[in-house]
Amino acid sequence: MPNNETIYRVSKQLCWGCVRESLEFLFEHNLARAKKWELPLAWDGQLQKYAQWWASQRRSDCKLQHSFPEGDFKLGENIFWGSGSDWTPSNAVDAWTDEEKYYNYEANSCAEGQMCGHYTQVVWRSTRRIGCARVVCDDGDVFIT
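When we follow the UniProt record's numbering, the leftmost residue of the sequence shown carries the number 1, and every step to the right adds one.
Below you can see the structure in the form of structure tokens.
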């Protein structure tokens with residue numbers, strides 16, 4: 001597996017003009033993917049704008065809610081909520097990838113009664129681009145998508 005410095009350099013090259021937070025999102029995703037020998041993702045400004053729009057919609061209530069009705073949209077979307085304002089992109093990606101322990105690779109399914117869809121979204125082979133956003137909600141908590 002490539003080392004963290006290599007993954008960081010590749011992520012930086014695939015994140016043209018990114019600010020610190022965007023690069024942190026991309027690096028953490030690519031770090032998880034490298035552990036499974038999957039290709040690195042590129043940052044997508046349009047996906048980031050969409051994520052920022054949705055995160056802004058959640059600013060007033062910080063409700064852990066997807067941006068589209070179930071099955072109505074063909075875009076993968078992970079969401080995260082944290083109490084307090086200190087939650088980072090790394091915390092969100094760590095929470096999503098922590099679901100790996102519930103994923104059965106042979107059966108391509110989650111352990112009964114467990115969630116692993118956030119994990120598979122991060123490492124899915126056909127995923128090529130991401131765009132994420134983070135907001136501190138009016139109540140001081142964090143919403144990330």
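Each residue gets a CB set at the ideal place from its N, CA and C atoms; glycine is no exception.
These figures come from a predicted structure and were not determined experimentally.
- The beta carbon of Val136 sits closer than 7 Å to those of Ser85, Val142, all from its chain and outside the five residues before and after it, given in chain order.
- Nearest in C-alpha terms to Gln114, of all of Val123, Arg129, Asp98, Asn3, is Asp98.
- Contact annotation: Cys116 and Tyr103 have beta-carbon atoms nearer than 7 Å.
- Excluding the 5 residues flanking it on each side, Leu64 has same chain C-beta neighbours closer than 7 Å at Ile79, Trp81, in chain order.
- For Ala32, the closest of Tyr8, Val123, Asp139 by C-alpha to C-alpha distance is Val123.
- Unbroken beta strand (DSSP E) runs of no fewer than 3 residues, entirely contained in the UniProt domain "SCP" (20 to 145), are found at 80 to 82, 134 to 136, 142 to 144, following chain order.
- Look at the beta carbons and you see the stretch 90 to 97 not touching the stretch 48 to 59: under three pairs across the two are nearer than 8 Å.
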